[in-house]
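Participant: Chains as they are written, first to last, in my numbering: chain H, 10 to 115; chain F, 23 to 136.
Glycine is no exception: its CB is placed at the ideal position from the N, C-alpha and C atoms.
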């Protein structure tokens with residue numbers, strides 16, 4: 010199956026800082042999604058982005074399918090951005106990376 | 023609210039027992055996926071159903087089984103439970119089958135096996 014690697018595994022930010030999370034995947038995919046898992050365990054859809062660039066408020070994402078990676082940008086981070094960010098990629102099913110744990114300090 | 027409903031939200035049971043987790047997909051979605059999230063294994067794909075038929079299988083144990091009913095809701099049955107089965111079980115749904123489409127996850131069912 011498709012291997013998905015995320016980096017960094019952990020990220021500590023001061024409120025207001027910007028950051029970039031990376032996701033590499035091992036093979037061609039037609040589906041790539043970013044999720045945020047909040048402290049209550051809910052998986053929240055952030056982006057469905059098999060290719061191209063999308064923006065939603067302070068978050069944006071870019072997927073370069075030909076080079077098999079995706080980036081998630083968090084700008085002007087807030088404490089509510091804390092949690093685990095997952096990248097998932099695949100064709101007939103989604104394979105998840107191990108996640109990046111983001112802690113935003115006030 | 024993703025529109026995917028899972029019940030129960032929490033479940034505590036003993037080793038050797040059997041439990042059933044239920045999932046109702048978003049209105050109009052034909053595919054249902056089950057994932058298991060444990061501390062040591064991360065988020066693992068278990069099984070997918072599309073319009074009542076099994077479509078893909080992942081790391082699902084033989085003690086586990088699932089089905090999707092004509093009204094498109096799905097059930098995941100876990101039997102002969104072991105301590106290591108304690109995990110958060112997610113259901114997700116999408117409209118498509120082969121190309122997955124955007125997945126929407128329910129809030130999960132947290133299973134604790136004592």
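(1) Starting from the Cα of residue 49 of chain H, find the closest Cα among F:32, F:70, F:37, F:57 and give me that residue.
(2) How about residue 32 of chain H and residue 106 of chain H: do their beta carbons lie closer than 8 Å?
(3) Look at the alpha carbon of residue 29 of chain H and the alpha carbon of residue 12 of chain H, and state the distance between them as a whole number of angstroms.
(4) What three-state label does DSSP hand residue 19 of chain H in the structure shown?
(5) What is the rounded straight-line gap between the Cα of residue 113 of chain F and the Cα of residue 62 of chain F?
(6) Helix, strand or coil, according to DSSP, for residue 36 of chain F in the structure here?
(7) Can you check whether the C-beta of residue 71 of chain F is within less than 8 Å of a C-beta belonging to chain H?
(8) Within 10 angstroms of its Cβ, does residue 47 of chain F collect 16 or more other Cβ (buried), or is it exposed?
(9) At what residues does the beta strand (DSSP E) containing residue 107 of chain H begin and finish?
(10) Chain H beta carbons: is any one of them nearer than 8 Å to that of residue 74 of chain F?
(11) Residue 76 of chain H by DSSP, collapsed to three states: which one?
(12) In three-state DSSP terms, what is residue 52 of chain H?
(13) Kindly indicate which residue of H:87, H:85, H:81 has the alpha-carbon position closest to the one of residue 97 of chain H.
(14) Roughly how many whole angstroms lie between the Cα atoms of residue 88 of chain H and residue 15 of chain H?
(15) Using the C-alpha atoms, what's the distance from residue 103 of chain F back to residue 102 of chain H?
(16) In or out: residue 24 of chain H buried (at least 16 other Cβ within 10 Å) or exposed?
(17) When the cut-off is 8 Å and only beta carbons count, does residue 25 of chain F lie next to chain H?
(18) Tell me the start and end of each unbroken alpha helix (DSSP H) in the region 64 to 91 of chain F that is at least 4 residues and wholly inside, in chain order.
(19) Around the C-beta of residue 137 of chain F, are 16 or more other C-beta atoms found within 10 angstroms, so that it is buried, or is it exposed?
(20) Residues bridged to residue 29 of chain F by DSSP?
Facilitator: So, from the listed chains and residues:
(1) Indexing the first chain from 1 puts residue 49 of chain H at position 40. Taking only the C-alpha atoms, the option nearest residue 49 of chain H is F:32.
(2) Position 23 of the first chain, counting from 1, holds the residue named residue 32 of chain H. Position 97 of the first chain, counting from 1, holds the residue named residue 106 of chain H. Cβ distance < 8 Å, so residue 32 of chain H and residue 106 of chain H count as in contact.
(3) By one-based count along the first chain, residue 29 of chain H stands at place 20. By one-based count along the first chain, residue 12 of chain H stands at place 3. For residue 29 of chain H and residue 12 of chain H, the distance between alpha carbons rounds to 20 Å.
(4) Your numbering for residue 19 of chain H matches position 10 in the first chain. Strand, per DSSP.
(5) The residue labelled residue 113 of chain F in the question sits at position 91 within the second chain. The residue labelled residue 62 of chain F in the question sits at position 40 within the second chain. When rounded, the distance between both Cα atoms is 19 Å.
(6) Here the question's residue 36 of chain F lines up with position 14 in the second chain. In the structure shown, residue 36 of chain F sits in coil (DSSP, three-state: anything other than H, G, I, E or B).
(7) On the second chain, residue 71 of chain F is found 49 positions in, with the first residue counted as 1. Not an interface residue.
(8) On the second chain, position 25 is the one that residue 47 of chain F refers to. Result: buried.
(9) To locate residue 107 of chain H, count along the first chain from 1; it is residue 98. Careful: residue 107 of chain H lies outside any beta strand (DSSP E) and carries neither H nor E.
(10) To locate residue 74 of chain F, count along the second chain from 1; it is residue 52. So no, residue 74 of chain F is outside the interface.
(11) The residue given as residue 76 of chain H occupies position 67 in the first chain. Three-state DSSP puts residue 76 of chain H in a helix.
(12) Numbered from its first residue, the first chain carries residue 52 of chain H at position 43. Reduced to three states, the DSSP call for residue 52 of chain H is strand.
(13) Within the first chain, numbered from 1, the residue matching residue 97 of chain H stands at position 88. Looking at the Cα atoms, H:81 is the closest of the given residues.
(14) Reading the first chain from its first residue, position 79 is the one you call residue 88 of chain H. Reading the first chain from its first residue, position 6 is the one you call residue 15 of chain H. About 21 Å.
(15) If you number the first chain from 1, residue 102 of chain H lands on position 93. If you number the second chain from 1, residue 103 of chain F lands on position 81. Rounded to the nearest angstrom, the gap between the Cα atoms of residue 102 of chain H and residue 103 of chain F is 26 Å.
(16) On the first chain, residue 24 of chain H is found 15 positions in, with the first residue counted as 1. Exposed, by the Cβ-count rule.
(17) Taking the second chain and counting its residues from 1, one reaches residue 25 of chain F at position 3. No, no contact with chain H.
(18) none
(19) Absent from the model: residue 137 of chain F. The displayed extent of chain F is 23 to 136, so no value can be given.
(20) As a first step, residue 29 of chain F must be located in the second chain, where it is residue number 7. Its beta-bridge partners are F:44.
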